[in-house]
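Everything on this sheet refers to the single structure shown next.
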Amino acid sequence: MHYETAAAGIAAHAPTYALTWEQFVHPAAWWLVPDVHGQLSKAELTLQEDPERTAKINIWFAADTRRPDGRPSPHSHPWTFRSYILGGGYTEDRYRVVDGQVLADLGQEHTEGSTNAVSRDLYHEVTRIHEPGSTMTLMLCGQGRRGTWGHLDPATGRCARPDVDPGFTTRLRALNPHR
12 MHYETAAAGI AAHAPTYALT WEQFVHPAAW WLVPDVHGQL SKAELTLQED
62 PERTAKINIW FAADTRRPDG RPSPHSHPWT FRSYILGGGY TEDRYRVVDG
112 QVLADLGQEH TEGSTNAVSR DLYHEVTRIH EPGSTMTLML CGQGRRGTWG
162 HLDPATGRCA RPDVDPGFTT RLRALNPHR
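Following this line, the structure appears as structure tokens:
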């Protein structure tokens, strides 16, 4: 069922890309992305990645990881993108900094058939995956800019570049012995 969902989403929203059954079921086509505890957060299949654009299928298993004290940790992205929700759904909190003030739009629901447009100046945090393992998105990303993303502290309005996670590569390799 996942393959049919992905193929239908690509045909509807990105028909210039092709997805074969062989590609979809080949283990080396997927990256299994861990959370900070080494548990599966999402599975990611990249259809295209170059300096101009990136297209990928994500199957979501867990929401974004909050700070150790439980406070929000919204992040931005180095590119604009549209996320087409092909199956399941998720809830996100969105934040913008306008004239030094943090504006929050909490509890945004994104369900199957909807589209989530995200700009570079938007900070967001996925707070709930509606159907873990069945929530699928097609992300169509524009041109990225290195060093332009980070995390926002909603309480202070301060933006910071992300800290390097020294254990991420080890956790990534542990989930991806097939790569």
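First residue of the sequence shown: 12, per my numbering; consecutive thereafter. No residue lacks a Cβ here, since even glycine has one placed at the ideal position from N, Cα and C. As the structure is a prediction and not an experimental result, all values here were calculated from the model.
- Here the C-alpha atom of Thr-159 lies approximately 16 Å from the C-alpha atom of Arg-64.
- Contact check for Ala-74 and Ile-140: beta-carbon distance about 6 Å, within the 8 Å limit, so the pair qualifies.
- In this structure, the CA atom of Pro-85 is about 10 Å from the CA atom of Arg-107.
- Per the coordinates, the alpha-carbon of Arg-190 lies some 45 Å from the alpha-carbon of Asp-110.
- DSSP, read as helix, strand or coil, puts Pro-45 in strand.
- When DSSP reads this structure, Trp-71 sits in a beta bridge with Lys-53 and Thr-146.
- When the beta-carbon positions are compared, Thr-122 and Gly-144 stay at least 8 Å from each other.
- The continuous stretches of beta strand (DSSP E) do not include Gln-154, and DSSP gives it neither H nor E.
- Secondary structure at Arg-182: helix, using DSSP grouped into helix, strand and coil.
- By the Cβ-count criterion, Arg-182 is buried, with 16 or more other Cβ atoms from all chains shown falling within 10 Å of its own Cβ.
- The shortest C-alpha to C-alpha distance from Leu-186 to any of Leu-30, Leu-133, Trp-41 and Met-147 is the one to Trp-41.
- Around the CB of His-88, 16 or more other CB atoms lie within 10 Å, so the residue is classed as buried.
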